[in-house]
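Step one of this worksheet: look at the structure below.
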Amino acid sequence: YSMSASPMTTISSARKKSDSNSFHLWLRGFFLLACCGLLVFFVLSAGTPDNDGERIPEAAKVVTVKTAGARSTGHLIEGSLNGVDYYHCGAHTDEPERDVILLHGAKFTKEDWKKSRIMDRLCGNGKLSVTALDLPVQADGKTLQKLLNALAVGEGLLSPEGYYVVVTPSASGKSIVDWINTGDLDKLVEMVGLWIPIASPAIETANVDRLHALQQQSWPVLALYGDQDSMGKKVSERLQKELGAKVKEFPGPHPFYFGMAETFSTYLLKELKV
């Protein structure tokens with residue numbers, strides 16, 4: 506005599522089987538999500554390739570502020586001072602080894618230093634503070650001096666001691682040349698510890714006697730240009746002759762640096778010994 510399973514027993518078995526299937530589905534889903542998360546993490550941490558095929562960190566987070574008020578660390582801040590917009594990153598230490606100021610030519614803005622990843626590379630070194638300024642190319646020496654003072658004393662973004670590294674591509678070199686021609690040379694040497702003109706045409710108008718006076722003070726100048734830029738070569742060689750500047754030729758056109766972000770950034774870091 507055999508007894509068939511009761512309806513209650515059948516329902517209980519079905520529920521157990523359903524619960525078991527649900528658990529396995531949940532476990533598979535969790536495992537799949539975990540794998541996807543790890544994949545995304547490794548892709549993001551690897552960075553993105555630049556023009557030279559090397560991998561560099563992802564762009565720093567930009568925090569927009571009206572005034573920075575203090576040095577930043579670990580991220581990029583965006584602000585404006587006296588009508589001049591800027592990006593700034595601070596060193597990863599209490600005090601940077603050098604403050605680097607990036608100006609730009611007539612066809613560019615501070616955004617190009619960011620888009621090219623040059624700013625990311627310089628900031629990523631951790632030992633520099635880097636500030637990209639939208640200073641108009643028509644600005645004279647007094648305007649530049651006042652802005653540097655305001656960034657140091659008013660905003661606390663630059664060291665009050667000066668000795669800044671000022672990079673002036675193309676037309677932006679007018680501000681330094683005007684300072685050379687009409688300003689206080691002792692103040693120039695004190696505030697600008699290294700001038701890096703990149704094919705600045707205004708150099709042709711620099712007063713030779715004042716260039717010689719700066720040479721007597723061993724004022725450091727590093728003149729850069731692209732090998733396709735005859736004007737850049739000419740003005741760089743003038744600084745070499747009249748001021749004792751160090752000259753470096755790179756392959757490329759007038760704005761060669763944006764097309765070779767890694768090479769340019771690595772060279773600057775090497776020259777700054779950081």
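Per our numbering, residue 506 is the first one in the sequence shown, and the count goes up by one each step.
Even glycine gets a Cβ: it sits at the ideal position worked out from N, Cα and C.
Nearest to P601 by alpha carbon, out of A655, E583, H609 and E666? E666
What do you get for M696, buried or exposed, if any count of 16 or more other CB atoms within 10 angstroms of its CB means buried? buried
Looking only at DSSP bridge pairs, what is V713 linked to? DSSP, once it has assigned bridges, lists no residue as partnering V713.
Simplified DSSP state of P706, which is helix, strand or coil: helix
When the Cα of G749 is compared with those of S723, P758 and R626, which residue comes out closest? S723
My parser needs the alpha helix (DSSP H) runs of 4 or more residues fully inside the stretch 612-692; what are they? 615-620, 623-629, 646-654 and 679-687
I need the boundaries of the beta strand (DSSP E) containing Y592, first residue and last residue. V589 to C594
Report the rounded CA-to-CA distance for L633 versus I606, giving the unit in angstroms. 10 Å
Alpha carbon to alpha carbon, what distance is there between L693 and G678? 14 Å
Does the distance from the C-beta atom of L640 to that of V670 stay below 8 Å? no
Quick one: measure Cβ to Cβ for A655 and N712, integer angstroms, because I've assumed they're closer than 8 Å. Wrong, their Cβ atoms sit about 27 Å apart, outside the cutoff.
Nearest residue (CA-CA) to D732, options W684, P760 and A596: P760
Of all the options Q650, G646, G661 and K619, which has the alpha carbon lying nearest to the alpha carbon of A707? G646
Secondary structure of S741, DSSP reduced to three states: helix
Name the two residues that bound the continuous alpha helix (DSSP H) containing S770. A766 to L777
Go ahead and pull the three-state DSSP assignment for A718. helix
Which residue comes first and which comes last in the beta strand (DSSP E) that contains D604? R603 to L607
Decide if T673 is buried, meaning its Cβ has at least 16 other Cβ atoms within 10 Å, or exposed. buried
Which residue marks the beginning of the beta strand (DSSP E) containing A728, and which one marks its end? L727 to G731
For Q650, the nearest candidate out of A704, E776 and D689 (CA to CA): D689
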